[in-house]
Amino acid sequence: MEADPQEDEFSFGPPMSQDSSMYSGSIEAQEEFMESDRKDDSNGTPRYRFPFYSQIFNKKNYDWLLEVDETGDDEDFKKPLLEELDIDLQDIYYKVRCVVFPLPSLGFKRDVLRDSPDFWGPLLVVLLYAMLALFGQFKVVSWIITIWLLGSLIIFLLARVLGGEVNYSQCLGVIGYSLIPLVLTAAALPLVHYFP
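For the sequence shown, full-length UniProt numbering assigns the number 1 to the initial residue and increments by one for each residue that follows.
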């Protein structure tokens, strides 16, 4: 005993004879909006023939899948990439100078590393350190980044257990920027090697 499929139920069968007309023709012809001879009863404007997939979705009440929300999209696409990724190059440069010149007499606020942590500056420092440590071993990069991430997590957990009010991004930032002296030393070692 077969159950009769309902009108709005999706079925995998051959199209009915009245639906076969919307499957004929070329793709280009079906993609174009063509003006029909009939006028819309509500406001007298011409009706348009929608593409065949739109007709199918409308018939099955899935036309909401084709709706496009265009509110606010232009503002998102007009943002520069650095702003979209929240990369502030001036802030990163200031933090690097704070680490390279740690003397308080130079007027740098060293608390800025802790108070406004970022991700991209420490990541850049860790990648520079990994590139200097690379020298033919590409596996070193993933190990250094993993040690940075997991080491920061361990420091974060220890600080929290001991009652410190820190978050993970602060640990990532401070530990990442603390590699700058190692980067400078690793970059200077080949130059110092040539001096007697």
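Glycine included, each C-beta is placed from N, C-alpha and C at the ideal position.
Count the other C-beta atoms from every protein chain shown that fall within 10 angstroms of the C-beta of residue 129, then say buried if there are 16 or more, exposed otherwise.
By the 10 Å Cβ count, residue 129 comes out buried.
When the Cα atoms are used, what is the spatial distance from residue 196 to residue 188?
Cα-Cα distance, rounded: 15 angstroms.
Got a sec, what are the start and stop residues for the alpha helix (DSSP H) residue 173 sits in?
Where residue 173 is concerned, the enclosing alpha helix (DSSP H) stretches over 168-177.
Under 7 angstroms Cβ to Cβ from residue 174, same chain only, skipping five residues before and after it: list those, please.
Closer than 7 angstroms at Cβ, skipping near neighbours: 113 and 114.
Which two residues bound the contiguous alpha helix (DSSP H) that contains residue 84?
Looking at the DSSP string, the run of the alpha helix (DSSP H) that includes residue 84 is 81-84.
With the cut-off set at 8 angstroms, would you say residue 87 and residue 125 are in Cβ contact?
Not a contact, by the Cβ cut-off of 8 angstroms.
Residue burial classification, residue 172 (beta-carbon count within 10 angstroms, cutoff 16):
Residue 172 is buried by the Cβ-count criterion.
Burial state of residue 101, where buried means 16 or more other Cβ atoms lie within 10 Å:
With fewer than 16 Cβ atoms within 10 Å of its Cβ, residue 101 is classed as exposed.
Secondary structure at residue 198, three-state DSSP: helix, strand or coil?
Because the chain here runs from 1 to 196, residue 198 falls outside it and cannot be looked at.
What is the rounded straight-line gap between the Cα of residue 137 and the Cα of residue 183?
When rounded, the distance between both Cα atoms is 17 angstroms.
Among the residues of its own chain, which have a CB less than 7 angstroms from the CB of residue 156, if the five just before and after it don't count?
Closer than 7 angstroms at Cβ, skipping near neighbours: 166, 168 and 171.
Environment of residue 192 [buried if 16+ CB atoms lie within 10 Å]:
Exposed.
Can you give the Cα-Cα distance for residue 119 and residue 178, rounded to whole angstroms?
Spanning the two alpha carbons is a distance of roughly 13 angstroms.
Quick check on residue 95: does DSSP put it in helix, strand or coil?
Collapsing the DSSP output to three states places residue 95 in a helix.
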